[in-house]
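**Student:** To convert, count from 1 in the sequence shown and add 388; that's our numbering. Backbone N, C-alpha and C fix where the C-beta goes; we use that ideal spot for every residue, glycine too. Predicted model, so just to flag it, every value in this text is computed and none were measured.
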Amino acid sequence: MTTGLTAAALLAGTGEGAARWLGVLLLLASLVLAALLLRRAGGGKELDAAIEALRAANRPEGDLTYPLESGDAAGQLVTQLRQFIDRIRAVMEDLQQHSIRVSLAAAHSRKYAEEAKRNATQQEEFSELIFSSSNETASAIEELSKRTSGIADVNSRNLQTARSSLLELGEVAEQIGRVTAMLQDFHGTVARLEATSSNINEILDTVQSFAAQTNMLALNAAIEAARAGEQGRGFAVVADEVRELAGKVRGAADEIQELVAEMNEAVGGTASSAQGMIAEAEKARDAIQTSARQFEEMVQNFAATHDDLLRVSAAIEELSVTNREIHNRSTEIRDLGIRIREDMDRTDTQTAALRQTTEQALSKVSQFRIGSGRLEEILKIMYQRRDQLSQAIEKLLDQGVDMFDRNHVPIPGTNPQKYTVSYAEPFQRACQDLVESWRTGVDGAAFCLPLDSSGFVAIHYREFSQPMTGDPQVDLLRSRNMRFFGTGSPEDLRRYQSEAPFQLSTYMRDTGEIMLNLSVPVHVRGRHWGSIFIGLDPDKVLAAQ
């Protein structure tokens, strides 16, 4: 919008400027006509004045201030001509102001276009970054969705397996319960067997007691039979048989008792083992029951996790749909950013051409000295300062200083970059106070500095010639000497090397301000050394016009 308005203003200014240039041509034609009429009328003095007016207007500075005196012979003609010249002068002054405003508008448009171009480029970079991030996010979400689905499937299978294992654990717990019951029954049987063995031992003890008593009775009977002699011989035989039988019974009872003792020992071991087995079975049952409870909790957790994974999968699917929409929008934003950047490239080119055109128009208009206005006053001061600087440089040349040295050497470790040149130090010693005095005398002047023909600023105000601190932001403002003025563009170099009587242009400082730049060339011993540049606040200059 701003560029379009500025272009429209330029077109309007160009059309109006063409009409006014036609007025200047009419002025010159009128002067020629007046000269012819004066020659025919015999007005020699008036003719000489008209010729001098033509010469002044034809000089490089286009001086329209030459006075025309009217005599008796052609007084009316000269008076009308003088009034016409005054009108042309007023038109030129108005055109000058108009050109300054158009040039300032073009400079601002150029500044805004450059800022917009940088912003558009940055926006394109950001949109490209968003597009790449969105693309990566889409890939990541797709991968996450696949992995989540895979995890959900695995968890589902694990849930089924865990449920089956829980059922199996329940069955194992029941089986161990049954085994424990059987072992307890077996332990009861063994206990009964132990009791039976004890009874058998008691019976055997009785049998052995009977056998011992029988043996004693048989022994007593044998003794009594021996006392009886022949009559007791048969009884003695019977007693011996009974005694022998009692011994056999006792031996058999002893063997049975030994077998029962072995059996009791085995039964006791079996009872202990059965008791241990019961204890271990009960422990196993308790452990399996605990495992079953834990497994049941794990199954519940698996089920909850499975539900969560299903919800996560659904959320990821929604996120994937949303991200696809965002990705589509980011693609549109990226494409729009590219188009904006391309448009801003074209706008930047157009504003650059626009500014160059307005600068050329301002330069042409400024070639005419109209004898009034704020710029004329400043120009007189600039010519005085030019003469002062020329004299100072002349003295330095006499002292052997090579003021025309253009071998500017970079100073290492400086940011912004500074340079040095052979004439810098003697020039500073000789002219620092002179340049310092230029800070006053022109209202609205930001600076007034000497530049060599390469645009190098060896001398700046002391306030802005501080030692570098190492902070580029501070040094940009406080250490501005020993640097090149402007951007070093071909347009800047042409301005520095111009030998026109004066130049008026717009200028954007590295600190961002838009200023009017008025320069006058400095010649020493017939050579162009450089220029004096003064930066003017355009509002104050236009307000004073």
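Say whether the region 555-563 touches the region 686-697, bearing in mind that this needs 3 or more beta-carbon pairs closer than 8 Å, one atom from each stretch.
**Tutor:** They do not touch, by the three-pair rule.
**Student:** The beta strand (DSSP E) with valine 912 in it runs from where to where?
**Tutor:** If you number the sequence shown from 1, residue 912 lands on position 524. Looking at the DSSP string, the run of the beta strand (DSSP E) that includes valine 912 is 902-912.
**Student:** Cutting at 7 Å between CB atoms, please list the residues of its own chain near leucine 571, excluding the five before and the five after it.
**Tutor:** Position 183 of the sequence shown, counting from 1, holds the residue named residue 571. Taken in chain order, the residues that qualify are Ala662, Met665, Ile666 and Ala669.
**Student:** Hey, would you say glutamate 782 sits closer than 8 Å to valine 912, going by beta carbons?
**Tutor:** As a position in the sequence shown, residue 782 is number 394, starting the count at 1. As a position in the sequence shown, residue 912 is number 524, starting the count at 1. Against a cut-off of 8 Å, the Cβ pair of valine 912 and glutamate 782 comes out as a contact.
**Student:** Suppose contacts are defined by Cβ-Cβ distances below 8 Å. Is glutamine 816 in contact with alanine 846 by that definition?
**Tutor:** Taking the sequence shown and counting its residues from 1, one reaches residue 816 at position 428. Taking the sequence shown and counting its residues from 1, one reaches residue 846 at position 458. For glutamine 816 and alanine 846, yes; Cβs fall inside 8 Å.
**Student:** Ignore the nearest five residues each way along the sequence and tell me which others in serine 810's own chain have a CB closer than 6 Å to its CB.
**Tutor:** Here residue 810 corresponds to residue number 422 of the sequence shown, with the count starting at 1. So the qualifying residues of the chain are Asp790 and Asp793.
**Student:** Can you look up glycine 832 in the DSSP assignment and give me helix, strand or coil?
**Tutor:** Within the sequence shown, residue 832 is the residue found at index 444, counting from 1. DSSP places glycine 832 in coil when its eight states are reduced to three.
**Student:** Assuming contact is defined by CB atoms lying nearer than 8 Å, are asparagine 716 and alanine 526 in contact in what I supplied?
**Tutor:** Indexing the sequence shown from 1 puts residue 716 at position 328. Indexing the sequence shown from 1 puts residue 526 at position 138. Cβ atoms of asparagine 716 and alanine 526: not closer than 8 Å.
**Student:** If you draw a straight line from the alpha carbon of serine 842 to that of serine 515, how long is it in whole angstroms?
**Tutor:** The residue you call residue 842 lines up with position 454 of the sequence shown. The residue you call residue 515 lines up with position 127 of the sequence shown. Cα-Cα distance, rounded: 41 Å.
**Student:** Check for me: the alpha helix (DSSP H) holding arginine 915 runs from which residue to which?
**Tutor:** In the sequence shown, counting from the first residue as 1, residue 915 sits at position 527. Run containing arginine 915: none in the alpha helix (DSSP H); it sits in the beta strand (DSSP E), 915-924.
**Student:** I'd like to confirm the pairing. Which residues does DSSP put opposite proline 804 in its beta bridges?
**Tutor:** Here residue 804 refers to the residue found at position 416 of the sequence shown. DSSP lists no partner for proline 804.
**Student:** Would you decide whether threonine 894 is buried or exposed? Buried here means 16 or more other CB atoms lie within 10 Å of its CB.
**Tutor:** If you number the sequence shown from 1, residue 894 lands on position 506. So threonine 894 ends up on the buried side.
**Student:** DSSP three-state label for threonine 857, please.
**Tutor:** For the purposes of this step, residue 857 is identified with residue 469 of the sequence shown, where counting begins at 1. The answer is coil: DSSP assigns threonine 857 none of H, G, I, E or B.
**Student:** Buried or exposed: where does methionine 870 fall if 16 or more other Cβ atoms within 10 Å of its Cβ makes it buried?
**Tutor:** If you number the sequence shown from 1, residue 870 lands on position 482. With 16 or more other Cβ atoms within 10 Å, it is buried.
**Student:** Check whether the region 582-594 and the region 719-727 touch, using three or more Cβ-Cβ pairs below 8 Å as the test.
**Tutor:** At 8 Å Cβ cutoff, the stretches do not touch.
**Student:** Return the CA-CA distance between aspartate 628 and alanine 610, expressed in angstroms with no decimal places.
**Tutor:** For the purposes of this step, residue 628 is taken as the residue at position 240 of the sequence shown. For the purposes of this step, residue 610 is taken as the residue at position 222 of the sequence shown. Each residue's alpha carbon lies about 7 Å from the other.
**Student:** Please check the pair isoleucine 728 and glutamine 511, which I expect to be a contact at CB under 8 Å, by giving their CB distance rounded to whole angstroms.
**Tutor:** Position 340 of the sequence shown holds residue 728. Position 123 of the sequence shown holds residue 511. 7 Å between Cβ atoms; contact.
**Student:** For the putative contact between valine 630 and isoleucine 588, defined by C-beta atoms under 8 Å, what is the C-beta separation to the nearest angstrom?
**Tutor:** Locating residue 630 in the sequence shown gives position 242, where the first residue counts as 1. Locating residue 588 in the sequence shown gives position 200, where the first residue counts as 1. Going by Cβ atoms, the distance from valine 630 to isoleucine 588 rounds to 25 Å, so no, they are not a contact pair.
**Student:** Taking just the CA atoms, how far does glutamate 901 sit from aspartate 831?
**Tutor:** Translated into the one-based positions of the sequence shown, residue 831 becomes position 443. Translated into the one-based positions of the sequence shown, residue 901 becomes position 513. Straight-line Cα distance between these residues: approximately 17 Å.
**Student:** Could you spell out where the alpha helix (DSSP H) holding methionine 770 opens and where it closes?
**Tutor:** Locating residue 770 in the sequence shown gives position 382, counting from the first residue. Its alpha helix (DSSP H) spans residues 762-786.
**Student:** Just the Cα atoms here: how many angstroms apart are asparagine 689 and glycine 538?
**Tutor:** Residue mapping note: residue 689 aligns to position 301 of the sequence shown, counting from 1. Residue mapping note: residue 538 aligns to position 150 of the sequence shown, counting from 1. If I take the Cα positions, the gap works out to 18 Å.
**Student:** Let's test the definition: count the other Cβ atoms within 10 Å of the Cβ of threonine 678 and tell me whether it reaches 16, buried, or not, exposed.
**Tutor:** Against the sequence shown, residue 678 aligns to sequence position 290. With fewer than 16 Cβ atoms within 10 Å of its Cβ, threonine 678 is classed as exposed.
**Student:** Use the C-beta contact count for aspartate 840: other C-beta atoms within 10 angstroms, 16 or more gives buried, fewer gives exposed.
**Tutor:** Sequence index remark: in the sequence shown, residue 840 carries index 452 (1-based). It is buried - the Cβ of aspartate 840 has at least 16 other Cβ atoms within 10 Å.
**Student:** From lysine 636 to alanine 613, what does the alpha carbon distance come to, in whole angstroms?
**Tutor:** Within the sequence shown, residue 636 is the residue found at index 248, counting from 1. Within the sequence shown, residue 613 is the residue found at index 225, counting from 1. About 22 Å.
**Student:** Taking the C-alpha atoms as reference points, what is the distance between methionine 389 and asparagine 507?
**Tutor:** Along the sequence shown, one-based indexing puts residue 389 at 1. Along the sequence shown, one-based indexing puts residue 507 at 119. Residue placement at methionine 389 cannot be trusted, given a pLDDT of 39 that sits under 50; what the coordinates show is reported in the next sentence. Rounded to the nearest angstrom, the two C-alpha atoms are 16 Å apart.
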